[in-house]
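J.: Before we start, here is the structure in question, set down as structure tokens.
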Amino acid sequence: ALYDNTLLIISSDNGANPENGGSNAPLRGSKGYLFEGGMRVPAFMSAQFFDAKMKGQTYKGLFHVSDWLATIVGMIASESDTPTGNLLPATIDSVSHWSNMKHGAWEYNEGERDEIVLNVDRWHTNSDFTISP
């Protein structure tokens, strides 16, 4: 059946905007701010093939939106016969969290990341693609 081989991912892109009726309570800040209310967002995954111990769990590792790519590829490599060998370049800024999710790393600081760049606002890119302060 279709659902047996389907992974459903729902994820937000950033904090809610209170000016349009959104709320980030109890987190401080909102869309466009570097406080948790502007950066920390809900997401969930659902799949029939998830182990019973994964269902209903909350992954607390530090996860960047760019990590979805490597995590999905890591899941495909682990859960199927699909070859993924050189699918991702070695220099990609995406980290797979699949192993931690699958094997129950559910505590804070158990993820693959220990830092994330949140803002590089002081730099501007010129039309010739040089970077200047």
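So in this note's numbering, the last one in the sequence shown is 137, and the numbering has no gaps at all. Just so you know, even glycine gets a beta-carbon here, dropped at the ideal spot from N, CA and C. Please read these numbers as outputs of a predicted model, since none were measured by experiment.
For Met58, tell me which candidate among Ala109, Leu122, Val121 has the shortest Cα-Cα distance.
T.: Cα-wise, what sits closest to Met58 is Ala109.
J.: Hey, Thr75 and His107 are a contact pair by Cβ (cut 8 Å); roughly how many whole angstroms apart?
T.: 14 Å between Cβ atoms; not a contact.
J.: Give me, in chain order, the residues of the same chain whose beta-carbon lies closer than 6 Å to that of Asn9; leave out the 5 immediate sequence neighbours on both sides.
T.: Hits under 6 Å: none found.
J.: Relative to the alpha-carbon of Asn104, which residue among Asp97, Thr95, Glu116 has its alpha-carbon at the smallest distance?
T.: If we check each option's Cα against that of Asn104, Glu116 comes out closest.
J.: By DSSP, does Ala74 sit in helix, in strand, or in coil?
T.: Looking at Ala74 - three-state DSSP - the assignment turns out to be helix.
J.: Below 8 Å between beta carbons: does that hold for Phe18 and Met49?
T.: A small correction: the amino acid at residue 18 is Asn; Phe does not occupy that position in the sequence shown. No, these two residues do not count as a Cβ contact at 8 Å.
J.: Mind checking whether the beta-carbon of Met58 lies closer than 7 Å to any heavy atom of the ligand NAP?
T.: As presented, the structure is devoid of all ligands, the ligand NAP included, so that no description of it is given.
J.: Alpha carbon to alpha carbon, what distance is there between Tyr7 and Pro46?
T.: Answer to the nearest angstrom: the Cα atoms are 23 Å apart.
J.: Going by the CB atoms, is the gap between Leu38 and Leu91 shorter than 8 Å?
T.: The answer is no: Cβ separation not under 8 Å.
J.: Give the single residue among Leu73, Ala5, Gly65, Ala81 whose Cα lies nearest to the Cα of Tyr112.
T.: Nearest option by C-alpha distance: Gly65.
J.: Considering only residues of the same chain and omitting the five flanking positions on each side of Gly78, which have a CB-CB separation below 6 Å?
T.: The residues are Ser100, Trp102.
J.: With respect to the beta strand (DSSP E) encompassing Ser15, which residues constitute its N-terminal and C-terminal limits?
T.: Element bounds for Ser15: 11-15.
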